[in-house]
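Read the structure below first, then the notes.
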Amino acid sequence: MGAAPASGSNGATGGGSVNRKAILWAVLMGAGGLWLVWRVATGAMPAPWGLEGLGLWVAALLTLAVFSFLLGDNPVYKFAEHLFVGVSAAYWMVTNIWAVLVPNLFGKLFPEWISTHLLPGLRENGRAPETDWFYLVPAVFGILLLWRLSPKWPWMSRWALAFIIGITAGLRAIGFVASDFIGQIHGTIVSLAVWSDTGSFLPGASFNGLITLVGVLAGLCYFYFSKEQTGLFGRVSRLGVWTLMITFGAGFGYTVMGRVALLVGRLQFLLIDWLRIASP
Amino acid sequence: MKRTVPLVITFTVGALLIVAYFIPHWPFARLRDDFNTFFDVIAAFAYIVGGGNLIRMHGRRAARQEAGWGYSLVCLAGFLAMLAFGLTKVFWREGAPGWDLQGDLNDSTLLFKRGYDNIFRPCSATFYALLAFFIASASYRAFRARNVEATLLLVTALVILLGRTFVGTLMTGWLPPSLEFLSIPQLSNWIMSVPNQAGNRAIMIGVALGIVSLSLKVILGIDRSHLGEKD
Amino acid sequence: MAWRLPELDRRIVFALVGLSVTIPILWKFHFPEFPSPMVRGVFERVDSLPAGSKLLLTLDYDPGSEPELNPMTDAVTRHAATKGIRIYYITMWATGPPMIERVIRQVLQKEFPDLAYGRDFVTLGYKPGNEAAIAIVASDLRKLFTTDGRGTNINAGEMTGSLRNLRSFDMVFSVSAGFPGTKEWIQYGTDTAGVPIAAGMTAVQAPLNYPYYPTQLLGILGGIKAAAEYELLLVKKYPRFADPAFPQEATAKMGPQTWAHLTIIGLIVLGNLTTLLAGRRGRR
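Protein chains in written order, with the working numbering: chain A, 37 to 316; chain B, 10 to 240; chain C, 764 to 1047.
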């Protein structure tokens, strides 16, 4: 066993490796850049000027910047990420202002002005609708919500939040019971006896319905943690676990399919739309 | 007042929506529709709060030159530019700029739409595309048939992955018609329609019971976590 | 002598996945498709709608899901347009309006120049509010939609003038990538209104929505494979869509998709073999 090398020689060895990597990256980037210049010069791919060409190149370079995360977190990726965060926040804000606040709030409170300057479609037979003062209620709640940004009385936004939470809770209490509880029990029971459109009994489909019923009950047994899962109950819970494992396996398979499709889409953009080295 | 009024609001609104389901007539139906419409408007204000929060957070970081403040400047620049383009509906047509407050926000000549097409869209799509690489890497490293349950999960996933491509058809295409139900595509369809449906149905019923209990706790004021800390 | 498999660096895994998709894109692998019963059922249900029926097509997705969902949106739009079904577009996602404008521009206006906006298809646009917005559409959509997505008064439109709520439509087709999406349309819309609904969704969402089939949901197009099957059925029933002027995007994506699946299956098998052999070596 030799002694550990002196830090100086270790640093020199490590520095050499870093230099080699940097040189390799510089060569690859340079070669890639020259290739792109050559392709643009020969007209084989769109040039990065004009609004269309510039837009295409910006989109492609941002795509590559995000893909660079595969090599590890880096400044190029961080730049793209922060730009995306800013642009997307503004996009959502602007879209909601024009899609909701203008027609559904300002258009109700100031219909004459809004229909003259911003949204002529509000007028019917040339006349603006009547002012609906009831919409002062959401206007007040909306302003209260903005108070969340205030350092002085941020608690005032709780009133608006309470409204939002109340609506969501009320809707979900009913929606989940009707569709996800009663609807699912109904669906499980009716599938026990399946008939064709011509009125004949379908034993295969009905048997599948029976398997579904057993799987649902077994899964629900597994989720019942208030009772110790032993004996017959334990064996049924085990069957529930197996059913859930098949469910998660199916979910995993579909997730892989979904993610791969998104990758295919991005690579098609780079290879077909930008580099033009493949045809659609 | 800081906590009582919000609790009263939550109870009134939540209870009204539940009652309106069982008595879908005036005044409950009218109030239900009005409250849902108001929710829409207030939800739009929430996005303004989000934008304001972004300015506050990144503005503070840039002003104090904290770690990563350069990136905060990039974020703010993108946000403010997109906001200005969108609110004014600035366009670039036939080599000249202009603005049209009555124009369609989805007009392709608007700089706002160009920002969406050339910055938002490629970045958003690529972030999701990255997941394909990570799911492959995670599958290679962690997906192991260590026990019966894991083997069941693995085999199901393999059947689904093969069944959703032509290879699955090719592998079991030689099966006689009487055994066609054992072919990989048929097995894949059966797995989705029967055991997958059963498992997800059990989860759905359990989740529904949980959501209903939580919603009732929130409406009745038993759960007050949405009000934040006491002040 | 025991042999062992090396643990692959994750960059090699990334490179393998990237190549498994890139090479088929460059060399154009095409595989035949065989429609599943589920997709066939959805197709036949849309095909059974008579001309003049009102179809509400909800596009609730963002650019991250475009590669999966644009092909099925296009296929269903082509199907409806060919049958003379009146299409109403709507979205509950802020990123939905550009999706709607894309399909109107690239499919309806380009491939069906005889169809007119406002007479054969219309966009109601975007409204936020998730479940609450869907609940209003189910009861009285005029409270929320005072104009269509392009700013025309809702009372003035030929297609929009008679709309009251979800019951004004003959069928809903939900194309969705998450929340709010098909689940919410079922919970707060079609289950209440009693309107039939079929859905196309990302592959990630599809398994989670199978419980609604068949009593609350007519059928599910799950991911790019189902979109490719729908395209095939469309071409079989209406051979004019085999013309290259009608791009079959989903079918084109299935080549790279297949190779990527095989690569990932290979990696999973390789990983398990590595563990198995390492375990045997350890026991010796």
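Where is the CB? At the ideal position from N, CA and C, for every residue including glycine.
Since this is a predicted model, take the numbers as computed values, not measurements.
Taking 7 Å as the CB-CB cut-off, is residue 114/B touching chain A? Put simply, the CB of residue 114/B is near chain A, with a gap under 7 Å to one of its CB atoms.
What residues in its chain sit with their C-beta under 7 Å from that of residue 91/B, if we drop five residues either side in the sequence? Cβ neighbours of residue 91/B beyond the five flanking positions: 121 and 124.
Which residues mark the beginning and the end of the beta strand (DSSP E) in which residue 192/A is found? Looking at the DSSP string, residue 192/A is not in any beta strand (DSSP E), and its letter there is neither H nor E.
Any contact between the segment 1009 to 1022 of chain C and the segment 17 to 27 of chain B? By contact I mean 3 or more CB pairs, one from each, below 8 Å. In short, these stretches do not touch, since the Cβ pair count stays below three.
Could one say the Cβ of residue 773/C lies closer than 7 Å to chain B's Cβ atoms, at least one of them? Interface residue, yes.
At a threshold of 6 Å, does residue 54/A count as lining the ligand FMN (C-beta to nearest heavy atom)? You won't find the ligand FMN in this model; it holds no ligand whatsoever.
Residue 807/C to residue 847/C, Cα distance in whole Å? The straight-line gap from Cα to Cα measures roughly 15 Å.
If contacts are defined as beta-carbon pairs under 8 Å, then residue 102/B and residue 118/B qualify, I think. What distance do you get, rounded to the angstrom? Rounded, the Cβ-Cβ distance is 5 Å, consistent with contact.
Min CB distance residue 291/A to chain C below 7 Å: Interface residue, yes.
When the cut-off is 7 Å and only beta carbons count, does residue 195/B lie next to chain D? The structure shown contains no chain D; its protein chains are A, B and C.
Compare the Cα-Cα distances from residue 863/C to each of 940/C, 934/C, 833/C and 1000/C and report the closest residue. Out of 940/C, 934/C, 833/C and 1000/C, 833/C has the C-alpha closest to the C-alpha of residue 863/C.
Kindly confirm or deny that the segment 67 to 80 of chain A and the segment 106 to 118 of chain B touch, where touching means at least three C-beta pairs closer than 8 Å. These segments do not touch.
With a threshold of 7 Å between beta-carbons, can residue 248/A be considered close to chain C, or not? Under the Cβ criterion of 7 Å, residue 248/A is not counted among the residues facing chain C.
Is the CB of residue 64/A under 7 Å away from at least one CB in chain B? No, residue 64/A lies away from the interface with chain B (no Cβ there is under 7 Å from its Cβ).
Let me know the secondary structure DSSP gives residue 39/A once reduced to three states. Because residue 39/A carries a pLDDT of 43, less than 50, the predicted location of this residue cannot be relied on, and no value is offered for it.
Proximal chain B residues relative to residue 167/A, where beta-carbon distance stays under 8 Å: For residue 167/A, no chain B residue has a C-beta closer than 8 Å to its own C-beta; the minimum C-beta separation is roughly 16 Å.
Is there a Cβ from chain A that is less than 7 Å from the Cβ of residue 269/B? Nothing about residue 269/B can be reported from this structure: the residues present for chain B run from 10 to 240 only.
Beta-carbon separation of residue 827/C and residue 134/B under 7 Å? Yes, Cβ-Cβ distance for residue 827/C and residue 134/B is below 7 Å.
Helix, strand or coil, according to DSSP, for residue 168/A in the structure here? Residue 168/A falls in the coil class under three-state DSSP.
Determine, using beta-carbon pairs with one atom in the segment 254 to 267 of chain A and one in the segment 204 to 223 of chain B, whether at least three such pairs fall under 8 Å. Contact between the segment 254 to 267 of chain A and the segment 204 to 223 of chain B is present, with at least three C-beta pairs closer than 8 Å.
Once DSSP output is grouped into helix, strand and coil, what is the label at residue 880/C? Residue state for residue 880/C is assigned as strand, using DSSP reduced to three classes.
Could you work out which residue in 289/A, 198/A and 259/A is closest to residue 24/B when comparing CA atoms only? Per the Cα distances, 198/A.
Skipping 5 residues on each side, what residues in its chain have a beta carbon closer than 6 Å to that of residue 786/C? Counting only Cβ-Cβ distances below 6 Å, and skipping sequence neighbours, we find nothing.
I'd like to check one pair, residue 935/C with residue 1050/C: are the Cβ atoms closer than 7 Å? Summary: the structure shown does not reach residue 1050/C, with chain C confined to residues 764 through 1047, and so no result is reported for it.
Ends of the alpha helix (DSSP H) at residue 300/A? In the DSSP annotation of this structure, the continuous segment of the alpha helix (DSSP H) that includes residue 300/A starts and ends at 267 to 304.
Please decide whether residue 91/B counts as near chain A, where near means a Cβ-Cβ distance under 7 Å. With its beta carbon less than 7 Å from one in chain A, residue 91/B belongs to the interface.
Counterpart residues of residue 889/C in DSSP-defined beta bridges: Partner(s): 854/C.
Mind checking if residue 789/C is an interface residue toward chain A, Cβ cutoff 7 Å exclusive? Cβ-Cβ to chain A under 7 Å: yes for residue 789/C.
Bridge partner(s) assigned by DSSP for residue 910/C: DSSP output for residue 910/C lists 916/C as bridge partner(s).
Using a Cβ-Cβ cutoff of less than 7 Å, which residues in the same chain neighbour residue 948/C once the five nearest sequence positions on both sides are dropped? Non-local C-beta neighbours of residue 948/C in its own chain, meaning closer than 7 Å and more than five positions away in sequence, comprise 821, 897, 935, 937 and 960, ordered along the chain.
Closer than 7 Å at the beta carbon, the chain A residues around residue 869/C: Simply none; closest approach about 13 Å.
Starting from the beta carbon of residue 277/A, find every residue of chain B whose beta carbon is closer than 8 Å, and list them in chain order. The contacting residues are 158.
Close Cβ partners of residue 1039/C (< 8 Å) along its chain, the five nearest in sequence each way excluded: Contacts found: none.
Express the C-alpha separation of residue 915/C and residue 158/A in angstroms, rounding to a whole number. Distance from the CA atom of residue 158/A to the CA atom of residue 915/C, rounded to whole angstroms, is 8 Å.
Under 8 Å, CB to CB, which of the residues in the segment 259 to 275 of chain A have a partner in chain B? Going along the segment 259 to 275 of chain A in chain order, one finds 259 with a Cβ nearer than 8 Å to chain B.
Distance cutoff 7 Å, beta carbons only. Does residue 154/B sit that close to anything in chain C? Closer than 7 Å to some Cβ of chain C, the Cβ of residue 154/B qualifies, so yes.
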